[in-house]
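Enquirer:
Number of protein chains: 4
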Amino acid sequence: MAANTFGELFRVTTFGESHGKAIGGIIDGCPAGIELDLDKVQEELNRRKPGQSAIVTQRKEPDTVEFQSGLFEGKTTGTPIGFAIYNTNQKSKDYSHIKDSYRPSHADYVYDKKYGFRDYRGGGRSSARETASRVVAGGIAKQMLSDIKINAFVSQVGDIVLHKHYSELDFSKIDSNPVRCPDAETAQAMEEYIKSIKKQGDTIGGVITGVAQNVPVGLGEPVFDKLHAKLGAAMLSINAVKGFEYGSGFAGVRMKGSEHNDAFNSDGTTKSNRSGGIQGGITNGMDIYFNVAFKPVATVLQSYETIDKEGNPVTTQGKGRHDPCVVPRAVPIVEAMLALVLADYTLLARTNKL
Amino acid sequence: MAANTFGELFRVTTFGESHGKAIGGIIDGCPAGIELDLDKVQEELNRRKPGQSAIVTQRKEPDTVEFQSGLFEGKTTGTPIGFAIYNTNQKSKDYSHIKDSYRPSHADYVYDKKYGFRDYRGGGRSSARETASRVVAGGIAKQMLSDIKINAFVSQVGDIVLHKHYSELDFSKIDSNPVRCPDAETAQAMEEYIKSIKKQGDTIGGVITGVAQNVPVGLGEPVFDKLHAKLGAAMLSINAVKGFEYGSGFAGVRMKGSEHNDAFNSDGTTKSNRSGGIQGGITNGMDIYFNVAFKPVATVLQSYETIDKEGNPVTTQGKGRHDPCVVPRAVPIVEAMLALVLADYTLLARTNKL
Amino acid sequence: MAANTFGELFRVTTFGESHGKAIGGIIDGCPAGIELDLDKVQEELNRRKPGQSAIVTQRKEPDTVEFQSGLFEGKTTGTPIGFAIYNTNQKSKDYSHIKDSYRPSHADYVYDKKYGFRDYRGGGRSSARETASRVVAGGIAKQMLSDIKINAFVSQVGDIVLHKHYSELDFSKIDSNPVRCPDAETAQAMEEYIKSIKKQGDTIGGVITGVAQNVPVGLGEPVFDKLHAKLGAAMLSINAVKGFEYGSGFAGVRMKGSEHNDAFNSDGTTKSNRSGGIQGGITNGMDIYFNVAFKPVATVLQSYETIDKEGNPVTTQGKGRHDPCVVPRAVPIVEAMLALVLADYTLLARTNKL
Amino acid sequence: MAANTFGELFRVTTFGESHGKAIGGIIDGCPAGIELDLDKVQEELNRRKPGQSAIVTQRKEPDTVEFQSGLFEGKTTGTPIGFAIYNTNQKSKDYSHIKDSYRPSHADYVYDKKYGFRDYRGGGRSSARETASRVVAGGIAKQMLSDIKINAFVSQVGDIVLHKHYSELDFSKIDSNPVRCPDAETAQAMEEYIKSIKKQGDTIGGVITGVAQNVPVGLGEPVFDKLHAKLGAAMLSINAVKGFEYGSGFAGVRMKGSEHNDAFNSDGTTKSNRSGGIQGGITNGMDIYFNVAFKPVATVLQSYETIDKEGNPVTTQGKGRHDPCVVPRAVPIVEAMLALVLADYTLLARTNKL
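So the sequences go chain by chain: D, R, Z and S.
First residue of the first sequence? That's 82 in the numbering used here, and the numbers climb one at a time after it.
First residue of the second sequence? That's 82 in the numbering used here, and the numbers climb one at a time after it.
First residue of the third sequence? That's 82 in the numbering used here, and the numbers climb one at a time after it.
First residue of the fourth sequence? That's 82 in the numbering used here, and the numbers climb one at a time after it.
(1) Listed from N- to C-terminal order along the chain, which residues in the stretch 106-117 of chain Z have their beta-carbon within a distance smaller than 8 Å of any beta-carbon of chain D?
(2) 9 Å is my cut-off, CB to CB: does Lys434 of chain Z come that close to chain D?
(3) Please check if any C-beta of chain Z sits within less than 9 Å of the C-beta of Ile162 of chain R.
(4) Given this structure, state the Cα-to-Cα distance separating Arg261 of chain S from Cys111 of chain R, to the nearest angstrom.
(5) Within 9 Å (strictly less), CB to CB, does Met225 of chain Z reach chain S?
(6) State the start and end residues of the unbroken beta strand (DSSP E) segment that holds Asp389 of chain Z.
(7) Is the beta carbon of Val217 of chain D within less than 8 Å of some heavy atom of the ligand SAH?
(8) My guess is that Ala293 of chain S and Leu423 of chain S are in contact by the Cβ rule of under 8 Å, so how many angstroms apart are they, rounded?
(9) In the DSSP assignment, what are the bridge partners of Ala103 of chain Z?
(10) Please report how far the alpha carbon of Pro143 of chain R lies from the alpha carbon of Lys130 of chain R, in whole angstroms.
(11) Against chain Z, does Glu272 of chain S count as a neighbour if the rule is that its beta carbon must be under 9 Å from one of theirs?
(12) For the stretch 326-344 of chain S, which residues have a beta carbon sitting closer than 9 Å to at least one beta carbon of chain Z?
(13) Tell me, which residues are paired with Tyr327 of chain Z by DSSP?
(14) Taking Cβ positions only, does Glu142 of chain D come closer than 9 Å to chain R?
(15) Closest to Thr432 of chain S by C-alpha separation, out of Z:Ile229, Z:Arg355 and Z:Gly197, would be which residue?
(16) Going along the chain, which residues of the stretch 301-323 of chain S sit with their C-beta nearer than 7 Å to a C-beta in chain Z?
(17) I need the boundaries of the beta strand (DSSP E) containing Ser236 of chain D, first residue and last residue.
(18) Between Ile104 of chain R and chain Z, is there a C-beta pair that is closer than 9 Å?
(19) Kindly indicate if chain S contains any beta-carbon less than 9 Å away from that of Phe87 of chain D.
(20) In terms of residues, what are the limits of the beta strand (DSSP E) holding Gly291 of chain Z?
(21) Do Ser150 of chain Z and Ile104 of chain R have their beta-carbon atoms positioned less than 9 Å apart in this structure?
(22) Measuring only the C-alpha atoms, how far is Gly204 of chain R from Gly362 of chain D?
(23) Quick one: give me the first and last residue of the beta strand (DSSP E) that Glu147 of chain S is part of.
(24) Taking only beta-carbon atoms, is Arg210 of chain S less than 9 Å away from chain R?
(25) Could you work out which residues of chain R lie near Gly159 of chain S, taking near to mean beta carbons separated by less than 9 Å?
(26) Which chain D residues sit within Cβ distance under 9 Å of Thr380 of chain S?
(27) Please list the partners that Leu90 of chain S has in chain R, where partner means a Cβ-to-Cβ separation under 7 Å.
(28) By the three-class DSSP mapping on this structure, what secondary structure does Pro409 of chain D have?
(29) Three or more C-beta pairs closer than 8 Å, one from the stretch 369-382 of chain D and one from the stretch 284-291 of chain D: is that the case here?
(30) Beta-carbon of Met82 of chain D versus every beta-carbon of chain R: anything under 9 Å?
(31) Quick one: what's Ile241 of chain S bridged to in DSSP?
(32) Using a Cβ-Cβ distance under 9 Å, would Phe234 of chain R count as near chain D?
(33) Can you find a C-beta in chain C that's less than 9 Å from the C-beta of Tyr183 of chain D?
(34) Could you tell me whether the stretch 376-396 of chain R touches the stretch 296-309 of chain R, where touching means 3 or more Cβ pairs closer than 8 Å?
(35) To the nearest angstrom, how far is it from the Cα of Lys434 of chain S to the Cα of Gln224 of chain S?
(36) Please confirm whether His413 of chain D and Ala233 of chain D have their CB atoms less than 9 Å apart.
Here's what the structure looks like:
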């Protein structure tokens, strides 16, 4: 059971707690001979880091990645790539108020029950800080998959929904605003809404849409390891995710087969793409697209009632520096997990035929 | 890469094509000492089998499972449980019309591209017939998890939505109608709708809701193997599934954190359960509940245009015996996959503490 | 933990007890497009089957393999290959004498302790009958690896040692005698010795040497999955095996580095081959060769003292139809495991470079 | 394929090259609640480190381990334990002579063929420096297995063989001499021999015997994952290992079954222990013991002929600081791998029964 490992051939194993010495990981199975631009990996990390705009947590974590192995003369060597991000801005005292009580809808209670105790500082291992390691690994996977275009963007914040189809959007605009919604008008509405939520000391949910383009035909496995099953697991493993749908998704339920089916063009492409680029678990060369639902962050900067370890009621005041909405910072995480899945299946697809 | 294996400790590996000699599987890691009621396993299989009502495919497959190992004197021995379901009603000639052409939104095209050729009879390995093996394995997992109550039911067919919360339903009524919706009124509407769709030679999508009750606290792993990530992968690996959400799901996106959080009772249970029984990837003892979206079956009994292997346009008439809506027969499959996930994590949870 | 699965990409999972309904397995990950000669697979099985000569067990088991999936029009399809060998000659009553007592140096005692009880008939899952499934899988792996020459032969029985280097032997003679030693003179001495041992109702150990020739450079992984580590595990997993050495093996211990090193020729081949075709865990294109030590079969047809389940001393008379020496029948098993390891690493090696 | 990961439930993944920034690893699956004595882990590392005596390499590497996660208030938390050993004494220039040529019986040639190029400095990933990470992980596994006594010692160097049975030895004397042979007289002969070999600029092989005592009954799996199969793989994965045998090993080949069988005492222990504590792949509670054969180190400080990348003959002078015999420093590595195997199977054994 590879609880802290993702992938079968292109694999990343991560370690680290929010307030420990470091977080990091090991990428194993990355093919030799990839010329890596390490600055690009750091840029991915910068897209995720705290403090980047007014609508995200104001913690100051530089999140600088240090690579420790697996590279030689600018290229991957085929051996494991170890990396670490040292923690530099932990204010563990901020968390003494949760040492003996359980925050609602956090993992505090279940960790204590499962393991007998927990590292309560900053959420310990349950902190989304762990996802920084995924972004590093995904940044390398992206460079391995140089032909595939991988993008994600915010398509919903609370009730504000981006109503354009992804094909109408200019993905180069994703990072042009702090929300990471490539439609300027919608982005502005989202930004203002997040600011108002923040003022209330509250939080709000959102949806990220992911798109992979120029994907080769034939990635994915027929039965349990259908590409979208692994993709779903990848997305659902991100903190705060509550749902995943691809192609026609939940809306497809309401359609008839005669409407839903994607008719073929003579070159094997399809006229519509309700399949979301995946048929029978295997890519057909059309765009892969999917939605990921994020709940509102559980930490609200309000007073709330909860229980302590003994089950006694306690009133607590939420404090610290937290995100009012996770989706802007989660965009690079969704892209990273998408890249990791595609890298893994790209290697696997090399073994299908004699 | 365990493409045809599901699970890490309680594991099932399946084999078999729609029109081959047999389908079946091997369950490995099942603990010793479980007194198995094999008739109950067969009953699960009967809930999935074709021909059981007027709204499902009229193929006649007895789907009788034969156990070949791993049992002794009525109990599991701890060694692998091999089983087979022999194919008896294949009409391979029914499929000669698809030998050289590709059915839209099926796996025909991608199999040919991935493997170089395919067993076209009945969809071969891409046929949902494979899921019978999952039902067998799940039937054993259910008996291992005798304390946990596992149920699934149809909550939507096309536009017909069951608007009751699962707690208002009587799960003993699930099998009281051919749709497997425990609300009689909604079930009847769904049944009539499916019949009308069938008359059109068309198909329709649906949603299945799964519920696990009386689950112990502490199942699940913090990072990549969060319980709901594996659960999502399990459901998304079922044929025709396009989406998965648990707890508040996609609707939770629109909520504020202060509304969404589940406040604690003094015994560690929670007053609400938007978390869906899982916090930080680990069960908290509350009910696990989730929705699974199924697209309309791709095989429509209508004339359609498609391409042959060379990309030439061909007009084909859909024929054979197919389901107008998969969700009634998919209920035991959803339950089986849910049981398999919980069995696996139950064993894993034994290794968490010294 | 894949206790009944071997391999990572080319994987076989087996099931079945000695006296159950069937034994068999599932081969997953076999590439599509291999034209399989199924008769050849059966021939491999015939080399392992009981009753083939006067020096092996006289049980009559036809050991006919039935393939149930994964093949279409004579070729592998890339989907799992299910197969079964039905048990036809079980004389379970032969084993009632061991139902309540523990045979020395068998697995009876540890099974009871580990699982709480056991299927005692014919040794249940601990019977070497399981290896028939390995021979089937290995027979397919061999056909995938058509360029590699895979051979094994008996090189020692008790104190009788074949003193020739493998390069002096004619591998086409391996099956020319019941011992499977390609040197006629040594084979005869071994055969006579086994017969005399059999007359005593006793058993004797032996060594099998395995050789793979025409192996490509680059199979194997640097650290934990060195080719010889997996090869060692493969051989040690065969019933009755007590040791494994490759290349210079235990004898290499006594050599100096200056003597032991394999000097290069200009084409990258080496003048000597004490490395056994593997350097740093990776094949260098030279012959792989290794020795596998088998202990004497534990079942002796003599009277012996042992204990029953309660620890009371009991005197038992060994009976039944058993091998006086396992190595003649174990030759195809060693070849099968060697083929499985090489097939797995052949697929993996496709993923090393960009 | 977990090439740089060892174990299934208690798992270690390692990274790092000889001359990179750091080596290290991640231990995943270690149960929560183990009170760790980190100084003891460092002591294990000190037993392996260079420069500890006159008969090992004179490199000066402090090999100080830094733990980065997974520990809280002195105990394991159940989350991954990340650790690093920073490289401080790399003299990469020492290796410019091998940049363009291949050292005989090293991995230089196969790395170039497999990956297209290699990090030639100090052997890169193929360096035995990687084993330091194993010692760290094994040191933690040992503390988890506090009831099991784990020891290894040198039992042969070249032709000098320790002729005493392990039961006659005082394991507390293992570290009392630089060879790590607990018999003073033999140790001295070995030490003098290694010194004479070193003077010749040559190297010599050796054997390490490993012993685990007070092992519970029931660890190990019946078929492919027999305890001794995994143990063999563990040992064979250590650099320079050419062979593994357990219990009666290769000598058992010459015995008759009637001599070899281990008769039971009334408490389930056995009068003899040729089984080496393992029957049918499962521990029976008797001592586990085994031998591991190490070849002579390939790097000799002599002039030798080899080839460059283009296949041209070149004459090279071996230089640098190398071990004349690896076994003294490999003792803690053997113990570490033994502990890792037992930790993994200890967790797995918790899942065998209902």
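All C-beta atoms, glycine included, are put in the ideal place defined by N, C-alpha and C.
Expert: According to the structure data:
(1) Gly110, Pro112, Ala113, Gly114 and Ile115
(2) Along the third sequence, read from residue 1 onward, the residue named residue 434 of chain Z stands at position 353. Yes, because at least one Cβ of chain D sits closer than 9 Å to the Cβ of Lys434 of chain Z.
(3) On the second sequence, position 81 is the one that residue 162 of chain R refers to. Taking Cβ atoms only, chain Z reaches closer than 9 Å to Ile162 of chain R, which makes this a yes.
(4) Counting from 1 along the fourth sequence, the entry for residue 261 of chain S is found at position 180. Counting from 1 along the second sequence, the entry for residue 111 of chain R is found at position 30. Whole-angstrom Cα-Cα distance: 44 Å.
(5) Numbered from its first residue, the third sequence carries residue 225 of chain Z at position 144. Met225 of chain Z does not count as touching chain S.
(6) Numbered from 1 along the third sequence, position 308 holds the residue referred to as residue 389 of chain Z. From DSSP, the beta strand (DSSP E) with Asp389 of chain Z extends over Ser384 to Asp389.
(7) The ligand SAH is not part of this structure, which contains no ligands at all.
(8) What you label residue 293 of chain S is simply residue 212 of the fourth sequence in a count that begins at 1. What you label residue 423 of chain S is simply residue 342 of the fourth sequence in a count that begins at 1. The pair is a contact, with the Cβ atoms about 6 Å apart (cut-off 8 Å).
(9) Looking up residue 103 of chain Z in the third sequence gives position 22. BP columns for Ala103 of chain Z point to Z:Tyr167.
(10) Residue numbering aside, residue 143 of chain R sits at position 62 when the second sequence is read from its first letter. Residue numbering aside, residue 130 of chain R sits at position 49 when the second sequence is read from its first letter. Computed Cα separation, rounded: 7 Å.
(11) Within the fourth sequence, the letter at position 191 stands for residue 272 of chain S. For Glu272 of chain S, the answer is no, since every Cβ of chain Z falls outside 9 Å of its Cβ.
(12) Glu326, Tyr327, Gly328, Ser329, Gly330, Phe331, Ala332, Gly333, Val334, Arg335, Met336, Lys337, Gly338, Ser339, Glu340, His341, Asn342, Asp343 and Ala344
(13) The residue given as residue 327 of chain Z occupies position 246 in the third sequence. According to DSSP, which records beta bridges pairwise, Tyr327 of chain Z is partnered with Z:Phe371.
(14) Against the first sequence, residue 142 of chain D aligns to sequence position 61. Taking 9 Å as the CB threshold, Glu142 of chain D stays off the interface with chain R.
(15) As a first step, residue 432 of chain S must be located in the fourth sequence, where it is residue number 351. Closest by alpha carbon: Z:Gly197.
(16) Contact annotation: in the stretch 301-323 of chain S, residues whose CB is within less than 7 Å of a CB in chain Z are Glu302, Pro303, Val304, Phe305, Asp306, Lys307, His309, Ala310, Lys311, Gly313, Ala314, Leu317, Ser318 and Lys323.
(17) The sequence position of residue 236 of chain D within the first sequence is 155, counting from 1. Segment Lys230 to Val238, the beta strand (DSSP E) holding Ser236 of chain D.
(18) Within the second sequence, residue 104 of chain R is the residue found at index 23, counting from 1. At least one chain Z Cβ lies under 9 Å of Ile104 of chain R.
(19) For this step, residue 87 of chain D is matched to residue 6 along the first sequence. So no, Phe87 of chain D is outside the interface.
(20) In the third sequence, the residue the question calls residue 291 of chain Z occupies position 210. Its beta strand (DSSP E) spans residues Gly287 to Gln294.
(21) Counting from 1 along the second sequence, the entry for residue 104 of chain R is found at position 23. Counting from 1 along the third sequence, the entry for residue 150 of chain Z is found at position 69. It is a contact, given that the beta carbons lie within the stated cut-off.
(22) Taking the first residue of the second sequence as 1, we reach residue 204 of chain R at position 123. Taking the first residue of the first sequence as 1, we reach residue 362 of chain D at position 281. Taking the straight line from one Cα to the other gives about 14 Å.
(23) Start at 1 with the first residue of the fourth sequence, and residue 147 of chain S comes out as number 66. According to the DSSP assignment, Glu147 of chain S belongs to the beta strand (DSSP E) that extends over Val146 to Phe148.
(24) One-based indexing of the fourth sequence puts residue 210 of chain S at position 129. Output row for Arg210 of chain S: interface = no.
(25) As a first step, residue 159 of chain S is located in the fourth sequence; it is residue number 78 there, counting from the start. In chain order: Pro303, Asn433 and Lys434.
(26) Here residue 380 of chain S corresponds to residue number 299 of the fourth sequence, with the count starting at 1. Those within 9 Å of Thr380 of chain S in chain D number zero; the least Cβ separation is about 20 Å.
(27) For this step, residue 90 of chain S is matched to residue 9 along the fourth sequence. Residues of chain R passing the Cβ test: Thr432.
(28) The residue given as residue 409 of chain D occupies position 328 in the first sequence. DSSP places Pro409 of chain D in helix when its eight states are reduced to three.
(29) yes
(30) One-based indexing of the first sequence puts residue 82 of chain D at position 1. In this prediction, Met82 of chain D has a pLDDT of 46, which is less than 50 and means its spatial position is unreliable; nothing more can be read from the coordinates.
(31) Counting from 1 along the fourth sequence, the entry for residue 241 of chain S is found at position 160. DSSP output for Ile241 of chain S lists S:Val238 as bridge partner(s).
(32) Mapped onto the second sequence, residue 234 of chain R falls at position 153. Taking Cβ atoms only, chain D never reaches closer than 9 Å to Phe234 of chain R, which makes this a no.
(33) No chain C is present in this structure, whose protein chains are D, R, Z and S.
(34) no
(35) As a working mapping, residue 434 of chain S is identified with position 353 in the fourth sequence. As a working mapping, residue 224 of chain S is identified with position 143 in the fourth sequence. In a straight line, the C-alpha of Lys434 of chain S is about 25 Å away from that of Gln224 of chain S.
(36) Here residue 413 of chain D is taken as the residue at index 332 of the first sequence, counted from 1. Here residue 233 of chain D is taken as the residue at index 152 of the first sequence, counted from 1. In the sequence under discussion, the amino acid at residue 413 of chain D is Pro, which differs from the His named in the question. Yes, they are a contact pair.
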